[in-house]
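Those letters in the sequence shown? Residues 1 to 480, by UniProt numbering. Here the structure is laid out as structure tokens; the discussion comes afterwards.
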Amino acid sequence: MANPEGNNPETLSHDPERGLASKQDEDENTLTESEDATKESSLICGMKKKTAFVLFVIFFVALAITIPLAVIYGSPPSWKVEKEYKGTNQFGNLLAFSKDASTLAVGRRPHNALASDWVYQVIRLNKNYKKDFFPLPEDDELYPLPQNTRYGSFFDPWYPTGSDLDISGDGSTLVVVGSVALFDYQNLCNNTYISENYTNPGRCNYGRVTVYHVKDDMTTWDRMGAPLEFLEPLESIGSPLVSLSEDGKTLVIGVEGIGVTVYKWDGTAWQQNGNTIQGNTGFGRSVSINDEGTRIAVGGYESDAVEVYEMNSSDDGWKLLGGKIQVDGHSPTKASLSGSGNRIAVSFRNWDGDMNNYIFLSGLLQVYELNKENSWVQVGLNIGAYVTTGASNGSGLSISGDGTTLVNSEYRSDVDGGSRVNVYRYENGDWKERGQELKSVNDYYSALPYHGGRVATGSFESLNDFDHVRVYEFRKGLPL
């Protein structure tokens, strides 16, 4: 009978030995597959453990690196104290940075008019270097101080009336100011001051401006020419205020009651450059010069506006540039020019009507830029508008050389008698606060270098004998 499936009958016959061998082969194959699966599972498990260990190591290495970097560079972006310098009482009431922020000039408000009490310092931040300067040296043989001839021949000042300083862009030229009240100097002041309590002849104000330049050794300073001296009736309360160009060869001096005068260094002496600019009450109490020495800004307490002047090469005269900058109901306290002179920062106060008490109701900061039509247009919105009593807003105002950063200090703006310093950066069409507010006891004065990456603050009257100057560096932070 034929096989319907067409299979070989031999293949269907029963073979016990062949069946046993086939069963053994199947068991061996199953065992091999099981061993392979176990090995593969072990391998995968080992790889996972190694990966976890590597990730664990990477995490802790990153953490070990990130934490110190966050401490060093700040997270979030913030100001960190880089240096601190301590001095005697009222050390730090004057501050000026070189362009690269490597050199800082510091002044101390004198307790009295004695020459020894006037001490200014130049500090190299990256080196252990300090140099003292005395703006009213009694032992100056070449250019002696005015002598009181009524009771003898000696320098006999009554009390200090003002001080100021500035430093050139490369930190090689320094200008210092000393100003004192003189009584009984009939040989200089042919006037008599009469009050309810006394009659005092020979009363006047004496101001002395001296410029120094450092030699190539960067430690020896020589005087640049003769000091510039100013004498005026004491009632004007005038004291010279100064600003230096970037190369230190153009100097602007403002004296209330006299006006604003610019001087250029000709290699041997300071020569007046152009006309003396005069204005109304308070004119000259704030002066600022651009890097090239071709533009100057003038303002000050009690004046009604800030004015910018530019040197007109055709007649060597100073001409008003862009019109006056003013805010209704406010008096400008300080003006600061950028390096190019195309931007200017101005602080304003809204007085309560009693100018003698120095109490104002609010203050604001504004920045202006010179447009193509030679008009000053505001850049960004107003900053400030603090409602404060007994405070002093804007006295520490400074704009960076590139015109992108502002620093402003307010004296006694808090009820606890402290002060605060704020830094602003121009971003996306407005002024944004940069980093945290710097709050300290009476940090009244502040200064910025060209790019605004550092800030110096000066504290005076901090209720101890060791006032300080702090230098902050901005840390951009890490994207944690």
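Even glycine gets a Cβ: it sits at the ideal position worked out from N, Cα and C. All values reported here derive from a predicted model rather than from experimental measurement.
- Taking 8 Å as the cut-off, the beta carbon of Phe97 is found closer than this to the beta carbon of Ala447.
- According to DSSP, residue pairing for Gln271 in a beta bridge involves Lys264.
- As a beta-bridge residue in DSSP terms, Leu244 pairs with Leu251.
- Taken atom to atom, the span from the alpha-carbon of Val455 to that of Val407 is near 8 Å.
- For the set Glu473, Glu292, Ser400 and Leu228, the Cα lying nearest the Cα of Arg343 is the one of Ser400.
- Residue environment: Leu370 is assigned as buried (16 or more neighbouring CB atoms within 10 Å of its CB, all protein chains considered).
- Taking C-alpha positions only, Val469 is separated from Gly92 by approximately 6 Å.
- Rounded to whole angstroms, the separation of the alpha carbons of Tyr424 and Ser78 is 12 Å.
- Three or more Cβ pairs closer than 8 Å define a contact, and the region 105-119 meets that threshold against the region 160-176.
- Within the DSSP secondary-structure output, Asn408 pairs in a beta bridge with Asn422.
- When DSSP states are grouped into helix, strand and coil, Met224 belongs to the coil group.
- Note: Arg454 is bridge-paired with Glu473 in the DSSP secondary-structure output.
- In this structure, Ser338 places its C-beta atom within 8 Å of the C-beta atom of Gly403.
- Proximity to Gly248 across Thr294, Glu232, Gly300 and Leu320 peaks at Thr294, based on C-alpha coordinates.
- For Gly299, the uninterrupted beta strand (DSSP E) segment begins and ends at Arg295 to Gly299.
- Residue pairing by DSSP puts Asn148 in a beta bridge opposite Phe154.
- In the structure shown, the three-state DSSP call for Asp170 is coil.
- By a beta-carbon distance limit of 8 Å, Gln326 does not contact Ala297. Their separation comes to about 13 Å.
- Beta-carbon to beta-carbon, Ser286 and Gly323 are separated by about 18 Å, too far to satisfy the 8 Å threshold.
- If you draw a 10 Å sphere on the C-beta of Val255, you find 16 or more other C-beta atoms in it, and that means buried.
- Minimum Cα-Cα distance from Ala101 among the listed residues Asp117, Asn112 and Glu82 corresponds to Glu82.
- Counting the other CB atoms within 10 Å of its CB gives His111 a total below 16, which places it among the exposed residues.
- Rounded to whole angstroms, the gap between the alpha carbons of Asp291 and Asp222 is 23 Å.
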